[in-house]
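Data block below; observations after.
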Amino acid sequence: MRILVVGSGGREHALVWKLSQSKLVDKIFCAPGNAGISQEAECIEIRPEDISRLKDFARKEKVDLTVVGPEAPLAQGIVDEFNNYKLRIFGPSRSASFLEASKVFAKELMAKYNVPTADFKVFDEPDGAKRYIKKIGTPCVVKADGLAQGKGVVVARTPDEAYQAVKSIMEEQIFGEAGRRLIIEECLEGQEASIIAITDGRTVIPLASSQDHKRVFDYDRGPNTGGMGAYSPAPIVTEGVFGEVLEKIIYRIIDGLAKEGIEYIGALYAGIMLTSEGPKVLEFNVRFGDPETQAILPRLKSDLAEVLFATTESRLWRYKNLDWDGRACVCVVVASGGYPGKYEKGKEIIGLEEVAKMKDIIIFHAGTKRLLPTTQQSTVRYLTDGGRVLGVAGLGEDIRSAIDRTYQAVEKIRFEGMHYRRDIGRKAITEFIL
Ligand code: AMP
Ligand code: GLY
């Protein structure tokens, strides 16, 4: 089988890494990939949003299966376009992708089909939004409707913060069209977890639970990022909670979409808050999570290529359950100095070779670039090329040993300005003990 993976982050490296272990896979391409991915796949210089060129490439290279990492091409209709050309692709259609691309669409669908989520109201002009904030008070959450690279959500602790969020989204239009409408919703309290499932529209197979760490600094302080680390499984997602999330959230939303005439095929990610009233949805994503995937896939024993291929052929019923490694996995994201704000690129990364030799450690590259050997320099060198640079994943008998092993590896890596959280996975231990 010839596979094309679309995207360039740690999530895509984890997908390529796992897919390359399949006996069914002969060749993997990645568009555009990164330095780590280029060790396992042939990277091609096509942007994920360049759907027309990706389609031409898949036709020319006789790609049997395309797997899409990020949301942007999904929201732009890459799946519909590939289907028009009878090219097999794993991911939801453009209309199904609205579940992530429009928070208003997602919230209204949840309300209609009784999927538990925070109470909310939709606004298309700032004055009404501000009056509503005054009425409900703070804390409250202000969300831009459209895609804003994870930056369109403000958890406002004071009215001023909430008014400022409305102003930036609607008056200053910092997210452009994505902020034409906004949502103000009730602030939920509790622990967050991520539940990702794969579905062909009929059968739904959940992946192992996980937890992301969105804030940049330890103890969940500082601004939100794309995710600073993850672990799997999340002990707070007990069997009971897991069942409830599937029944009341995942199945209901897929059924709801079907009733609206929209078939959902692909990975469906539910970001959940575990509140005292049970699990409630914070957001849906129409793809695998990043960095959750880097902590989940090292634990997957089943053949991912087989499962994703079966999904595109409506044959998922054959795989009722996936086979999981019982060990825990922790992934620590190593970021550039300044991230999630301004950062510099091009810093040489030291220590990768030493870490590569460590048992049960996998290095997933995100923002990296490779310098090939020259007459002056005999070895390949790796440079930073993005905000999130690497995801270092480690397996351990339990979460505690996975944490220890992963940080032993992270400590061997160095580059100028590098920073990472030192508390990834700690919540799993305290929650477990409490
Ligand atoms: P979202 O992109 O909608 O998941 O929001 C990003 C982050 O904002 C979430 O991971 C939560 O930490 C926080 N958040 C979003 N909605 C709420 C809410 N209703 N109550 C509390 N926190 C929220
Ligand atoms: N980890 C959050 C996301 O993938 O959106």
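Each residue of the sequence shown is one higher than the last, beginning at 18 in this note's numbering. Just so it is clear, CB atoms sit at the ideal spot from N, CA and C, and this is done for glycine as well. Remember, predicted model here, so these are calculated numbers, not experimental data.
Asked	Found
Outcome for T392 when other beta-carbon atoms lying within 10 angstroms are tallied against a minimum of 16	exposed
Top-ranked residue by Cα proximity to A345, from R443, Y356, V298	R443
Beta carbon of I446 nearer than 8 Å to that of L407	no
Other residues of its chain near Q311: CB distance less than 6 Å, five sequence neighbours each side excluded	G27, A31, C348, F381, G408, A410
Residue of V85, R111, G86 minimising C-alpha distance to G94	R111
Inter-residue Cα distance where the pair is Y149 and V158	12 Å
For G434 and G404, believed in contact at Cβ under 8 Å, the rounded distance	Not confirmed; about 11 Å, so no contact.
Any non-hydrogen atom of ligand 3 within 7 Å of A48 CB	Summarising the ligand content, the structure contains ligand 1 and ligand 2 and does not contain ligand 3.
Inter-residue Cα distance where the pair is P390 and E361	23 Å
Between the CA atoms of E142 and M187 - distance to the nearest angstrom	7 Å
Collapsed DSSP secondary structure at I296 in the structure displayed	Checking the displayed sequence, the identity of residue 296 turns out to be Pro instead of Ile. In the structure shown, P296 sits in a strand (DSSP, three-state: E or B).
Alpha-carbon spacing of I266 relative to G368, whole angstroms	43 Å
Cβ distance (whole Å) where I289 is taken to contact K297 below 8 Å	7 Å
Whole-number beta carbon distance between L164 and A92, since they are thought to touch under 8 Å	6 Å
Simplified DSSP state of I367, which is helix, strand or coil	strand
At least three beta-carbon pairs within less than 8 Å, the stretch 317–336 to the stretch 103–120	yes
Proximity to E452 [Cα-Cα], best of D377, A322, V351	Because the chain in this structure spans residues 18 to 451, residue 452 falls outside the shown range and cannot be described.
Sub-8 Å separation of K72 and F46 beta-carbons	no
beta-carbon K231 near ligand 1 non-hydrogen atom, thresh 7 Å	yes
6 Å Cβ shell around V96 - same chain, five flanking residues per side excluded	I106, G108, S110
C-beta atoms of G246 and V350 nearer than 8 Å	yes
According to DSSP, residues forming a beta bridge with R19	K44
Residues that G283 bridges to, as DSSP identifies them	T216
Opposing strand residues paired with P223 [DSSP bridges]	A214
Unbroken beta strand (DSSP E) run spanning V351, endpoints	345–352
Counted within 10 angstroms of its Cβ, other Cβ atoms place D340 as buried (16 or more) or exposed	exposed
Where the beta strand (DSSP E) through H382 begins and ends	378–382
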